[in-house]
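Report on the structure given below.
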Amino acid sequence: MPPNNEKRSEDVRLLNDIKPLRSISPQKIKVVDSSATDFKKPEQNSCYTAVLILTVFASAFGSSFQSGYHTGCVNPIGKEASAWYNVSHQHMFGKELSKQENTIAWSMTVGLLNVGGLFGGFIACHLADKFGRRNALLMNNAFLFIGVILMSMSKRVDVYLLLPAGRFVTGVCCGLGSAVVPMYLTEIAPVSKRGALGTAHQLTFTFSMLVSQIVGIPQIFGNADLWQYTFAIALIPAVIQICLLPLCPESPKFSLIVKKDHDKASRDLRKLRASKDVHDEIGVMKYEADKTSQIKKVTIPELFANPLYQRRIVIAVMLMLALQFSGINAVFFYSRAVFEQAGLSGQWPFYATIGMGFLNFFATICASQLMDHPKFGRRVLHLWGLIGMFFSTIMIVLSMTLSKNATSTTLQNLGTFGSIVFVLLFVASFASGPGPIPWFYVSEIFPAHAKASAASVAVMTCWIAGALVGIAFLPINNILGHYSFLIFSCFLLWFIFFTYKFVPETKGKTVAEVEKELGLDTFKH
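For the record, in the sequence shown the residue sitting at position 387 is 387 according to the working numbering, with numbers rising by one throughout.
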């Protein structure tokens, strides 16, 4: 009997020592074969912790802020800056720009942010996988400082060509940040908080746009003497990020799956969850790491060539095209001109633009609370947002037509009021889904070994489309007037159909579960 008792005690001691087995217990696995990828998602440690909040703030406020701020800051100062283009051009070349040349020059300046964003999106996957998500964001600030210095100094040295050059370099910063931040946030977020934290990028984007519209009013920087200092405000969040982000952990997924550093991944995850018990979550990551260790990192060309990724990359590209070709940047870039076209005069276009910024910000906050709600989710919010935008563009055209052609003051005022209401509805519909969702949706449908390349493609698509809208809208609007919004109506109709037919729900699902819904399985190949 004693020997048996000693053997039993030894068995118990050995079982207690094998802690990693707890992370992949039979209850946590639904299927146990060579293709099993469907773990029960860890439910513990899914609260907001101090380190998690600090990391989200440092990454989003420092990087996502730049995309929104530099998208919106050219709107309120557009007339003053483009007028200075004539003065500077005359000093440099001895003659002023024609009206058409001035329009093209300013449109190119606006659009060059997106061209730079395209380049930033392209290099994002290389920097994020080589140096890590956090370090890539820290390095990205170099582009911002160079770009802001060029733009802020352009008027002082009276060389207007420095402004578009600075917009391009700043665009590199914005493109890189808009690729890395959503990836970083979805990788550090608990599954149950992934939707809410995923919207932090777009929420900060909308907040920074609001800030750019406020500082651009004539009483602050939006006047002929001070408009160039609008760009320097962007240095404040960059300095804050440089101070705070080194205190934050790297993405545990990156450390474990890309760098194969189990110890660092465990340490960083314990910091993020404020708990020593992260076995379940590390177990899921370890399983994915073991499976993907046999799969080489996916390059951008392979995303389009490999049937495993083709459908997913088409969905990612379409969501980004919907974001831009919905016409939202036409409103964000040129809302001052749009509101003037609607019949507002004096200071009212400025105030309407600020009101639009407030609405965009608060609608995004509301959307972030609905992303993980049982009755909503990504697909529903995105679809209804597109429908709302389609309806709004039609009504904007009808209202502006009434405002311009009405024979009575009452009908004219009604048309002006309707135009403003439907522009605001257009922005609110965008903020409810089509704005925030595409940025983090890409990270939810691709496995880790393809995520960086997919994010780069999505971001490059977004910035290319944004450049086309930014450059083309003003000349087209000068020809078609308010009827130019009908072009966006046609695009929106197509994106509504595509979303309804092909875009799956990802709320609360692992990549493996999304793959099953799409009829795919990365790990079988």
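Glycine is no exception: its CB is placed at the ideal position from the N, C-alpha and C atoms.
All values reported here derive from a predicted model rather than from experimental measurement.
Helix, strand or coil at Gly222 [DSSP, three-state]: Here residue 222 is taken as the residue at index 222 of the sequence shown, counted from 1. In the structure shown, Gly222 sits in coil (DSSP, three-state: anything other than H, G, I, E or B).
Other residues of its chain near Leu244: CB distance less than 7 Å, five sequence neighbours each side excluded: Locating residue 244 in the sequence shown gives position 244, counting from the first residue. Cβ within range, chain order: Leu54, Ala58.
C-alpha gap between Ala165 and Asn413, whole angstroms: Stepping through the sequence shown from its first residue, residue 165 is reached at position 165. Stepping through the sequence shown from its first residue, residue 413 is reached at position 413. Their backbone Cα atoms lie some 42 Å apart in a straight line.
For Val298, the three-state DSSP class (helix, strand or coil): As a working note, residue 298 is residue 298 in the sequence shown. Here Val298 sits in coil by DSSP.
Where Gln412 falls: helix, strand or coil (DSSP): Position 412 of the sequence shown holds residue 412. Residue state, collapsed to three classes: helix.
Ala448 to Phe254 span [Cα, whole Å]: Locating residue 448 in the sequence shown gives position 448, counting from the first residue. Locating residue 254 in the sequence shown gives position 254, counting from the first residue. Ala448 and Phe254: Cα-Cα distance of roughly 8 Å.
For Gly481, three-class secondary structure by DSSP: Position 481 of the sequence shown, counted from the first residue, corresponds to residue 481. DSSP places Gly481 in helix when its eight states are reduced to three.
Inter-stretch contact (C-beta, 8 Å, three-pair minimum) for the segment 67-79 and the segment 169-187: yes
4 or more residues per run - each alpha helix (DSSP H) lying fully within the segment 125-205: 133-154, 162-188, 194-198
N- and C-terminal bounds of the alpha helix (DSSP H) containing Glu515: By 1-based counting over the sequence shown, the position of residue 515 is 515. Glu515 -> alpha helix (DSSP H) spans 511-518.
Secondary structure of Tyr48, DSSP reduced to three states: Here residue 48 refers to the residue found at position 48 of the sequence shown. DSSP places Tyr48 in coil when its eight states are reduced to three.
8 Å Cβ cutoff, Pro218 in contact with chain D: No chain D appears in this structure, which consists of one protein chain only.
Inter-residue Cα distance where the pair is Leu113 and Met320: Here the question's residue 113 lines up with position 113 in the sequence shown. Here the question's residue 320 lines up with position 320 in the sequence shown. Leu113 and Met320: Cα-Cα distance of roughly 17 Å.
Anticipated Cβ contact below 8 Å, Pro182 with Phe65, distance rounded: Working through the sequence shown from its first residue, we reach residue 182 at position 182. Working through the sequence shown from its first residue, we reach residue 65 at position 65. At roughly 14 Å, the Cβ-Cβ gap does not stay under 8 Å, so Pro182 and Phe65 are not in contact.
Buried or exposed (CB count within 10 angstroms, at least 16 for buried), Cys462: Your numbering for residue 462 matches position 462 in the sequence shown. Cys462 is buried by the Cβ-count criterion.
Euclidean distance between Cα positions of Asp263 and Tyr334: Counting from one through the sequence shown, the residue named residue 263 turns up at place 263. Counting from one through the sequence shown, the residue named residue 334 turns up at place 334. Rounded to the nearest angstrom, the two C-alpha atoms are 50 Å apart.
Straight-line gap, Val514 to Asn360 (C-alpha atoms, nearest Å): Taking the first residue of the sequence shown as position 1, residue 514 is located at position 514. Taking the first residue of the sequence shown as position 1, residue 360 is located at position 360. Between Val514 and Asn360, the C-alpha separation is close to 30 Å.
Glu505: first and last residue of the uninterrupted alpha helix (DSSP H) it sits in: Position 505 of the sequence shown, counting from 1, holds the residue named residue 505. Where Glu505 is concerned, there is no enclosing alpha helix (DSSP H), given that its DSSP letter is neither H nor E.
contact_flag[the segment 453-470, the segment 99-118] where n(CB pairs < 8 Å) is 3 or more: yes
Contact check, Phe426 vs Ile396, beta carbons under 8 Å: Against the sequence shown, residue 426 aligns to sequence position 426. Against the sequence shown, residue 396 aligns to sequence position 396. For Phe426 and Ile396, yes; Cβs fall inside 8 Å.
Nearest to Val191 (by Cα), restricted to the options Ile476, Leu381, Phe350, Val284: Start at 1 with the first residue of the sequence shown, and residue 191 comes out as number 191. Answer by Cα proximity: Val284.
Proximity to Val110 [Cα-Cα], best of Arg167, Ser154, Asp129, Ala128: Stepping through the sequence shown from its first residue, residue 110 is reached at position 110. Out of Arg167, Ser154, Asp129, Ala128, Arg167 has the C-alpha closest to the C-alpha of Val110.
Spatial neighbours of Gly435 in its chain, beta-carbon cut-off 6 Å, leaving aside the 5 residues before and after: Numbered from its first residue, the sequence shown carries residue 435 at position 435. Contacts found: Gln202.
Host alpha helix (DSSP H) of Gln310 (start-end): Looking up residue 310 in the sequence shown gives position 310. Counting along the chain, the alpha helix (DSSP H) containing Gln310 begins and ends at 307-325.
Own chain, CB closer than 8 Å to Asn141, minus 5 neighbours either side, in chain order: In the sequence shown, counting from the first residue as 1, residue 141 sits at position 141. Closer than 8 Å at Cβ, skipping near neighbours: Gly62, Cys173, Ala238, Gln241, Ile242.
Nearest residue (CA-CA) to Ile563, options Gln100, Leu402, Phe391: Any question about residue 563 goes unanswered here, given that the chain covers just 1 to 525.
Run of the alpha helix (DSSP H) containing Met92, from where it starts to where it stops: By one-based count along the sequence shown, residue 92 stands at place 92. Segment 78-93, the alpha helix (DSSP H) holding Met92.
Identity of the residue in Arg378, Met389, Gly385, Leu344 nearest Ile417 by Cα: As a first step, residue 417 must be located in the sequence shown, where it is residue number 417. Contrary to the premise, residue 417 reads as Phe rather than Ile in this sequence. That would be Leu344, whose Cα lies nearest to the Cα of Phe417.
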